[in-house]
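Chemist:
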Amino acid sequence: MKISTKGRYGLTIMIALAKNYGNQPIPLKSIANEYNLSEHYLEQLIAPLRNSGLVKSVRGAKGGYLLTREPKLITSADIIRTLEGPIRPVEEMDDDEPSKRELWKRIRDAVKDVLEQTTLQDLIEHNDQNYQEENMFYI
C-alpha cells in the first residue's frame, strides 16, 4: 500500500491539531507555514476530514480548525480511510492462486492493524520523544 500525499499531509494536519488539542483553533495557514506545505492543498484535504467528523471549523478572526475528539480516540486508520479510501495494499484478482490471495489478505490485515492501533496521541508522543532524544547531549 502506497500512501499518497493526501494521506501524508492529512496526517500532518491532524498531528498539528492534536498537538494543539484543548487550545484555540488553528488556521490552515499556520499549519501550511509551519510545515512548508501548500495552504491551497491543505484546504482540499480538510473538507473530507470535516465531512467525516474528525475536525470542525470555527469561523471568525480567531477561527481555524479543531479536533472533534481527543487525540487518543482518533486512529491513523480513521484519517487514512477518509483521505485514501479502503485499506487494500493489493487489488485481489479472481485468478490469483489461493496462496497469493491469503498472502494479500495477511498483508492487508497487518497494515490495517497497525493503522487502527496507532492513535494521534501515539504519534504526538512519539514526535515529542524523538525531539527530546535529538536534543540530548551525552558526555
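Sequential numbering of the sequence shown, starting at 692, is according to my numbering. Glycine is no exception: its CB is placed at the ideal position from the N, C-alpha and C atoms. These numbers were taken from a predicted model, which means no experiment stands behind them.
1) For residue 815, which residues from the same chain have a beta carbon less than 8 angstroms from its beta carbon, with the 5 sequence-adjacent residues on both sides left out?
2) Determine contact between the stretch 714-728 and the stretch 750-765, defined as no fewer than three beta-carbon pairs at a distance below 8 angstroms.
3) Looking at C-beta atoms only, is the number of pairs between the stretch 694-706 and the stretch 769-780 that lie closer than 8 angstroms three or more?
4) According to DSSP, residue 756 sits in a beta bridge with which residue or residues?
5) Find out if the Cβ-Cβ distance for the pair residue 764, residue 701 is shorter than 8 angstroms.
6) Only counting the same chain, and skipping five residues up and downstream in sequence, which positions put a Cβ closer than 7 angstroms to that of residue 743?
7) Which full runs of the alpha helix (DSSP H) of 4+ residues lie inside the stretch 766-816, going along the chain?
Modeler: Once the coordinates are examined:
1) 706, 709, 710 and 762
2) Yes, the stretch 714-728 touches the stretch 750-765.
3) yes
4) 717 and 748
5) no
6) So the list reads 773, once near-sequence residues are dropped.
7) 767-775 and 789-808
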